[in-house]
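Per our numbering: the sequence shown = residues 46 to 326.
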Amino acid sequence: SRSPVRQRKTNFHSNFSDNPDGDAPPAVAPRQSGGPRRRPGERQPGDFVTLKGLESKKEWNGLNAIIARGPLENGRFEVMVIVPQGEGEGKKEDNIMAALKPENMVSQQDEGWAVWVGQLPWSSTEGELKKVFSELEADGKKVEVKSVILVRDQEGKSRGFGYVEYAEKWMGELAMTKLASTEMGGRQLKLDWSQRSKERAEDEDAKKEKAAEEEAAKKAKAAAAAAAAEAASSDILKDLGKWAPGAKVRLHGLVGGAKYNGCVGTIKKTLPNGRKEVELS
């Protein structure tokens, strides 16, 4: 295991990965809809995880971390560990880089919705980013920013992109709509879902579409069955115009008198409404 490198202090709680240019979604190229998905348990940069099973750093077990790079040649992943410092209102966090095994990480893929923010000015700060992305509301309801991370290099310098994590999906969608043309420091921001949130959104949309299709098929099947029953429940006798009095008939398709279905009878006469009066044998 490599020696941890202490990073610049900052508050964050979301996804990030290696992207030196800050002008395209990081690390993992956007996957086309319907393309191959990651295998269950597969890790990739940008994943938010909780640490477990560490022996040399037992005090880190239970802490949150974000995968920055990997897998490395030795199979480990370079992660940014969020280490709390102090207690109460003065509590802060240090970000420490470490290379950990995949079995020491538990995925937290459903912890909020992360928006990737690219083309940030090199001088931007977490506070500025949070201010811009928290001043939004819809129908009188304000968005809730869970965390903000400005991705930095080993020396603590901004890499020109970061993440803003929202509590709910609609908040991230609102941010990407309302702030699509926003400028910071003379640079127009680029916005997108983080890779994990994008996959999650696609999964939700696919489930909704499948549920809607199943409901439509269910209704169509019920309508067809009702139509068939209606056609068969006309007591069949009203369609017996070709049968003259004295003809032998077998009854079927009766609804009100279902117990007579299968019985044999003789047509006695035609009634004014076109139906036949039948005498059962």
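Backbone N, C-alpha and C define an ideal beta-carbon position, used for all residues, glycine too. This structure is a prediction, so every number in the text was calculated from the model and none was measured.
- Item | Residues bridged to Trp-161 (per DSSP) | In the DSSP secondary-structure assignment, Trp-161 is bridged to Tyr-208 and Asp-237.
- Task: Could you pull the start and end residues of the alpha helix (DSSP H) that Lys-214 belongs to?
- Result: From DSSP, the alpha helix (DSSP H) with Lys-214 extends over 214-223.
- Query: Does the distance from the C-beta atom of Ile-312 to that of Lys-304 stay below 8 angstroms?
  - Reply: Ile-312 places its beta carbon 8 angstroms or farther from that of Lys-304.
- Task: Indicate the three-state DSSP secondary structure (helix, strand or coil) for Val-188 in the structure shown.
- Result: In the three-state DSSP reduction, Val-188 falls in the coil class, being neither helix nor strand.
- Message: Need the endpoints of the beta strand (DSSP E) that Lys-313 sits in, please.
- Response: That run of the beta strand (DSSP E) goes 309-315.
- Message: I need the DSSP call for Asp-182, collapsed to helix, strand or coil.
- Response: It is worth fixing the name first, because residue 182 is Glu in this sequence and not Asp. Glu-182: strand per DSSP, three-state reduction.
- Message: I'd like the list of long-range same chain contacts for Gly-356, defined as Cβ closer than 7 angstroms, with 5 residues on each side in sequence excluded.
- Response: Since the displayed the chain opens at 46 and closes at 326, residue 356 lies outside it and no answer follows.
- Query: Do you know how far the Cα of Trp-161 is from the Cα of Val-190?
  - Reply: CA-CA distance, Val-190 to Trp-161, rounds to 13 angstroms.
- Query: Among Leu-145, Val-196, Asn-149 and Lys-187, which residue has its Cα nearest to the Cα of Ser-169?
  - Reply: Checking every option, the nearest Cα to that of Ser-169 belongs to Val-196.
- Whole-angstrom Cβ separation of Val-177 and Thr-222, contact assumed at under 8 angstroms? The pair is not a contact, with the Cβ atoms about 14 angstroms apart (cut-off 8 angstroms).
- Query: Can you name the residues that DSSP bridges to Lys-293?
  - Reply: In the DSSP output, where bridge partners are listed per residue, Lys-293 has Thr-311.
- Message: Checking 8 angstroms against the spacing of the C-beta atoms, do Trp-158 and Met-216 come in under that value?
- Response: Yes, the Cβ-Cβ distance between Trp-158 and Met-216 is below 8 angstroms.
- Item | Beta-carbon proximity check, Ala-144 vs Met-125, cutoff 8 angstroms | In this structure, Met-125 does not lie closer than 8 angstroms to Ala-144 by Cβ.
- Query: Around the Cβ of Val-188, are there at least 16 other Cβ atoms within 10 angstroms (buried) or fewer (exposed)?
  - Reply: Buried, by the Cβ-count rule.
- By Cβ distance, which residues of its chain are closer than 6 angstroms to Cys-308, with the 5 residues on each side in sequence left out? Around Cys-308: Leu-296 and Leu-325.
- Task: Indicate the three-state DSSP secondary structure (helix, strand or coil) for Lys-202 in the structure shown.
- Result: Coil.
- Message: Let's test the definition: count the other Cβ atoms within 10 Å of the Cβ of Val-300 and tell me whether it reaches 16, buried, or not, exposed.
- Response: The residue is exposed, with fewer than 16 neighbouring Cβ atoms inside 10 Å.
- Query: Exposed or buried, what is Asp-92 when buried is set at 16 or more other beta-carbons lying within 10 Å of its beta-carbon?
  - Reply: Sixteen is the threshold: when 16 or more other Cβ atoms of the shown chains lie within 10 Å of the Cβ of Asp-92, as they do, the residue is buried.
- What three-state label does DSSP hand Pro-129 in the structure shown? Three-state DSSP puts Pro-129 in a strand.
- Item | Counterpart residues of Ser-152 in DSSP-defined beta bridges | Looking at the DSSP output, Ser-152 shares a beta bridge with Val-94.
- My understanding is that Gly-207 touches Leu-181, with C-beta atoms under 8 angstroms, so please give their C-beta distance in whole angstroms. So it is not a contact: roughly 17 angstroms between Cβ atoms.
- Check the DSSP bridge columns for Asn-109 and list the partner residues they point to. DSSP lists Thr-95 as the beta-bridge partner residues of Asn-109.
- Item | Whole-angstrom C-beta distance between Arg-88 and Gly-115, which should lie under 8 angstroms | Arg-88 and Gly-115 do touch by the CB rule: their CB atoms are close to 7 angstroms apart, below 8 angstroms.
- Query: From Asn-106 to Leu-99, what does the alpha carbon distance come to, in whole angstroms?
  - Reply: In a straight line, the C-alpha of Asn-106 is about 6 angstroms away from that of Leu-99.
- Give every residue of the same chain whose Cβ lies closer than 6 angstroms to the Cβ of Lys-255, excluding the five residues on either side of it in the sequence, and list them in chain order. Contacts found: none.
- Task: Please name the residue, chosen from Glu-244, Ala-289, Gly-298 and Ser-242, that lies closest to Leu-316 on a Cα-to-Cα basis.
- Result: With distances taken between Cα atoms, Leu-316 lies closest to Ala-289.
- Run through DSSP, which three-state label would Glu-104 get? In the structure shown, Glu-104 sits in a helix (DSSP, three-state: H, G or I).
- Message: By DSSP's criteria, Val-359 is part of a beta bridge. Which residues make up the other side?
- Response: Because the chain in this structure spans residues 46 to 326, residue 359 falls outside the shown range and cannot be described.
- Query: In angstroms, rounded to a whole number, what distance separates the CA positions of Gly-67 and Ala-271?
  - Reply: With a pLDDT of 46 at Gly-67, under the threshold of 50, the modelled position of that residue is not reliable, and no figure is offered here.
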